[in-house]
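J.: Taken in order, the sequence shown gives residues -23 to -1, 1 to 81; the numbers are from mature numbering (1 follows the signal peptide of the UniProt record, and there is no 0).
Let me begin by handing over the structure; questions about it come next.
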Amino acid sequence: MIRTLTLSLASALLLTAGTPALARGDRDRDQENLREAAAQGKVIPLGRLIAEVRSHPPYRDMTYLGGPRFIAERMVYALKFMDGNQVVVVYVDARTGRIVGRKP
């Protein structure tokens, strides 16, 4: 009984150990898509996008937290800002620089 339980737990751990690698693969693929789009002039440079967002109220008074995330299937950057004690995620179209969403 204990041996079966131990084998089951070990199998489950081995199966879930590959999950972070899969997520890394998706991020690597997104980054590669971003590099290709940038090389072809299809996206606005990240620094320019951040500056553009920060030029608009209310983001002007917020602290940019860094760690942008690129969502390749939507060609959107998720940028994190700190508003007081709340994190605000701003979604920006990488092609146009337009703000397309915000949480919260």
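Each residue gets a CB set at the ideal place from its N, CA and C atoms; glycine is no exception.
This one's a predicted model, so the numbers in the text were calculated from it and none came from an experiment.
Just checking my contact of residue 76 with residue 66 at CB under 8 Å: how many whole Å lie between their CB atoms?
T.: Contact flag wrong, Cβ pair sits at about 11 Å.
J.: On the CB-based measure, 16 or more other CB atoms within 10 Å of its CB, does residue 71 come out buried or exposed?
T.: buried
J.: Restricting to Cα atoms, I'd like to know which of 60, 8, 79 and 62 is closest to residue 23.
T.: 8
J.: Going by CA-CA distance only, name the one from 52, 74 and 56 that's closest to residue 6.
T.: 52
J.: Could you give the first and the last residue of the continuous beta strand (DSSP E) run that contains residue 78?
T.: 76 to 80
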